[in-house]
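Protein chains in written order, with the working numbering: chain A, 89 to 385; chain B, 67 to 378.
Each residue gets a CB set at the ideal place from its N, CA and C atoms; glycine is no exception.
Notes for the one structure printed next.
See the structure below:
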């Protein structure tokens, strides 16, 4: 064995290293390099083009005093909390129902999951049409004789974010249901038998035995939903375009508008850095739990 | 035994004894028990919420404008017309340009096909190298790559604009193809790495003993054995890239806009009279490719998203 060893470590597995070049470039140049670049330039007063005139935290001060950004953050918060709750609860209930050894399970699963195959643009546009006050749900209910009926979330600044939420729940619960179903199928059949023998009602078994056992599934799902929430952009663009006024702006749209429409790169960089920060707040504890725990155990 | 027979007479205890003994044969169940009504009732009501938008899209796209103005969006068309579809495909306007969605469709095809091929080629070789030819430092890059999947795209948008501009690819199709390959890499690499790791190691060792090298093993052994995972990757990438909006709008010129961007521009254009039937036909056309992929692939799609979901 000693003789077979190559003299230089650098040339071991040369082909594998060659094959890994795209990964290394992507990881270092785009992910690490790009992120650092954006963070650094968020401290400059770049406008149409990036330039190295550092102004400290001025961009962040401007960001947090801009009403558009504050509304974006508020919207993201409402949207995020509601989407998390709704998609987890609905997704879990649907998965639990599908797990009752029912007939047509595949049909129901296909129906619940198909919106996930559609883009946010398609989702946004079709819900824009259904929620159209003149011809959509509001119009139909009024034509039945209830003339004072009002349901126009997309044209009412106070509730517009809930209109977007309806579409988002429609698009994404199927995925959550699938993940939960996989988690439920992973639960040992004997647990159910034991619970039944002990006479524990089904809802209690779910709440106190099965859900705690599915903790890893819930955590993964939570991370997936959370990273999707911060990115929400296409849906808003398609459904409301940020309107009425600026009532349905979200951070991702603020960043895009600042960078590519209003030639205000510094604001875009500052905004995207804040988005990164919010993801890290979710990601770091999760990574610590997931990977930090394993090393100890 | 005697005790058991005794218990059998006392209803409640009997079920317990049965449960302990385990089910012997299928449990007789009434089709219309309260439990079943509740389960199926809930599922059917929820199904209606999920199916409603698809139904409304189809129905609206087959109506004429007068019928839409008069009637109810949920009612089926009285007079079926395919004119909105033709119009959406060939004549719908974005600003001054009235070529219809067909241009966006072909752009999307020209973006999706090379992106899928390129990203899968890179990621499968990469995953194979990570699974079977481990080298020092590989794990560090892989971890960075996976973490990169969670970074909001907005953070990397502008640095990539600069990179593409330097390479002379900004605004065209090739730049966008490159971007899709880059952002497909984390999840696809993970997918392939996990799959190749799950293959029996003896196979790899035997091939090594027989003198096969890095590429030989990849093409002659790994590739033929991993068709299912390639199909999963294709499904994942086709739907993902076809549905992309952000990268399309940032990295291409209007001539090369993918279908989603063009669709949004058509429907949300402020000029002219709103033609809801044409809009819905256009929306349906754009959703058709991923829908067909979804309905044809069935279980593999579920596997794909499950794989896509456990990124990290």
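Exposure of residue i, with buried meaning 16 or more beta-carbon neighbours within 10 Å
{"i": "residue 295 of chain B", "result": "buried"}
{"i": "residue 187 of chain B", "result": "exposed"}
{"i": "residue 245 of chain A", "result": "exposed"}
{"i": "residue 281 of chain B", "result": "exposed"}
{"i": "residue 347 of chain A", "result": "buried"}
{"i": "residue 77 of chain B", "result": "For residue 77 of chain B, the predicted model reports a pLDDT of 45, less than 50, meaning its position is unreliable and no value from the coordinates is stated."}
{"i": "residue 337 of chain A", "result": "buried"}
{"i": "residue 142 of chain B", "result": "exposed"}
{"i": "residue 300 of chain A", "result": "exposed"}
{"i": "residue 320 of chain B", "result": "exposed"}
{"i": "residue 253 of chain B", "result": "buried"}
{"i": "residue 89 of chain A", "result": "Per-residue confidence for residue 89 of chain A stands at a pLDDT of 43, beneath the threshold of 50, marking its modelled position as unreliable; the derived number appears in the next sentence. The residue in question, residue 89 of chain A, is exposed, as its Cβ has fewer than 16 Cβ neighbours within 10 Å."}
{"i": "residue 230 of chain B", "result": "buried"}
{"i": "residue 266 of chain A", "result": "buried"}
{"i": "residue 328 of chain B", "result": "buried"}
{"i": "residue 293 of chain B", "result": "exposed"}
{"i": "residue 135 of chain B", "result": "exposed"}
{"i": "residue 367 of chain A", "result": "buried"}
Beta-carbon spacing of residue i, residue j below 8 Å
{"i": "residue 359 of chain A", "j": "residue 135 of chain A", "result": "no"}
{"i": "residue 332 of chain A", "j": "residue 248 of chain A", "result": "yes"}
{"i": "residue 128 of chain B", "j": "residue 147 of chain B", "result": "yes"}
{"i": "residue 257 of chain B", "j": "residue 316 of chain B", "result": "no"}
{"i": "residue 272 of chain A", "j": "residue 133 of chain A", "result": "no"}
{"i": "residue 167 of chain B", "j": "residue 332 of chain B", "result": "yes"}
{"i": "residue 374 of chain A", "j": "residue 342 of chain B", "result": "no"}
{"i": "residue 269 of chain A", "j": "residue 183 of chain A", "result": "yes"}
{"i": "residue 352 of chain B", "j": "residue 318 of chain B", "result": "no"}
{"i": "residue 209 of chain A", "j": "residue 326 of chain A", "result": "yes"}
{"i": "residue 357 of chain A", "j": "residue 130 of chain A", "result": "yes"}
{"i": "residue 173 of chain B", "j": "residue 322 of chain B", "result": "yes"}
{"i": "residue 319 of chain A", "j": "residue 335 of chain A", "result": "no"}
{"i": "residue 204 of chain A", "j": "residue 113 of chain B", "result": "no"}
{"i": "residue 226 of chain B", "j": "residue 181 of chain B", "result": "no"}
{"i": "residue 251 of chain B", "j": "residue 114 of chain A", "result": "yes"}
{"i": "residue 178 of chain A", "j": "residue 257 of chain A", "result": "yes"}
Separation of residue j from residue i, as counted between CA atoms
{"i": "residue 220 of chain B", "j": "residue 214 of chain A", "result": "26 Å"}
{"i": "residue 272 of chain B", "j": "residue 289 of chain A", "result": "54 Å"}
{"i": "residue 81 of chain B", "j": "residue 292 of chain A", "result": "Its pLDDT being 47, under 50, residue 81 of chain B is placed unreliably by the model, and the measurement read from it follows with that caveat. Computed Cα separation, rounded: 20 Å."}
{"i": "residue 276 of chain B", "j": "residue 356 of chain B", "result": "43 Å"}
{"i": "residue 236 of chain A", "j": "residue 223 of chain A", "result": "15 Å"}
{"i": "residue 174 of chain A", "j": "residue 259 of chain A", "result": "12 Å"}
{"i": "residue 153 of chain A", "j": "residue 171 of chain B", "result": "42 Å"}
{"i": "residue 81 of chain A", "j": "residue 350 of chain B", "result": "What the structure shows of chain A is the stretch from 89 to 385, and residue 81 of chain A is not part of that stretch, so it cannot be assessed."}
{"i": "residue 231 of chain A", "j": "residue 349 of chain A", "result": "41 Å"}
{"i": "residue 105 of chain A", "j": "residue 206 of chain B", "result": "13 Å"}
{"i": "residue 159 of chain B", "j": "residue 251 of chain A", "result": "27 Å"}
{"i": "residue 109 of chain B", "j": "residue 236 of chain B", "result": "48 Å"}
{"i": "residue 194 of chain A", "j": "residue 314 of chain A", "result": "28 Å"}
{"i": "residue 238 of chain B", "j": "residue 217 of chain B", "result": "25 Å"}
{"i": "residue 156 of chain A", "j": "residue 109 of chain A", "result": "42 Å"}
{"i": "residue 285 of chain B", "j": "residue 183 of chain B", "result": "16 Å"}
{"i": "residue 259 of chain B", "j": "residue 249 of chain B", "result": "17 Å"}
{"i": "residue 222 of chain B", "j": "residue 126 of chain A", "result": "7 Å"}
{"i": "residue 116 of chain B", "j": "residue 163 of chain A", "result": "25 Å"}
{"i": "residue 283 of chain B", "j": "residue 117 of chain A", "result": "30 Å"}
{"i": "residue 261 of chain B", "j": "residue 365 of chain A", "result": "33 Å"}
{"i": "residue 263 of chain B", "j": "residue 328 of chain A", "result": "46 Å"}
{"i": "residue 307 of chain B", "j": "residue 201 of chain A", "result": "18 Å"}
Residue i - partner residues in DSSP beta bridges
{"i": "residue 237 of chain B", "result": "B:318"}
{"i": "residue 330 of chain B", "result": "Looking at the DSSP assignment, residue 330 of chain B forms no beta bridge with any residue, so it has no partner."}
{"i": "residue 395 of chain B", "result": "Absent from the model: residue 395 of chain B. The displayed extent of chain B is 67 to 378, so no value can be given."}
{"i": "residue 160 of chain B", "result": "B:163"}
{"i": "residue 142 of chain A", "result": "A:132"}
Along the stretch 287 to 321 of chain A, where does the CB come closer than 7 Å to a CB of chain B? Name the residues.
308, 311, 312, 315, 318, 319 and 321
Contact residues within the stretch 276 to 289 of chain B, judged by C-beta distance below 9 Å to chain A
279, 280, 281 and 284
With 8 Å as the C-beta to C-beta threshold (strictly closer), list the residues of the stretch 109 to 123 of chain A near chain B in chain order.
110, 111, 112, 114, 115, 116, 117, 118, 119, 120, 121, 122 and 123
Interfacial residues, the stretch 178 to 208 of chain A to chain B, with Cβ spacing under 9 Å:
178, 181, 182, 185, 186, 188, 190, 191, 192, 194, 195, 196, 197, 198, 199, 200, 201, 202, 203, 204, 205, 206, 207 and 208
If contact means a Cβ-Cβ distance below 7 Å, which residues of the stretch 125 to 140 of chain A contact chain B?
125 and 126
According to a CB-to-CB cut-off of less than 9 Å, which residues of the stretch 116 to 132 of chain B neighbour chain A?
116, 117, 118, 119, 120, 122, 123 and 126
Short-range partners of chain B found in the stretch 211 to 229 of chain A, where Cβ spacing is below 7 Å:
213, 214, 215, 217, 218, 223, 224 and 228
Which of the residues in the stretch 212 to 225 of chain B, read from start to end, lie with their CB under 7 Å from any CB of chain A?
214, 216, 217, 218, 219, 220, 221, 222, 223, 224 and 225
Which of the residues in the stretch 154 to 176 of chain A, read from start to end, lie with their CB under 9 Å from any CB of chain B?
none
Please name the residues in the stretch 352 to 372 of chain A whose beta-carbon is closer than 8 Å to at least one beta-carbon of chain B, in chain order.
353, 356, 357, 359, 360, 361, 363, 364, 367 and 371
If you measure beta-carbon to beta-carbon, which residues of the stretch 134 to 155 of chain B are closer than 7 Å to chain A?
134, 138, 139 and 140
Name the residues in the stretch 160 to 191 of chain B whose C-beta lies less than 8 Å from a C-beta of chain A; which are they?
188 and 191
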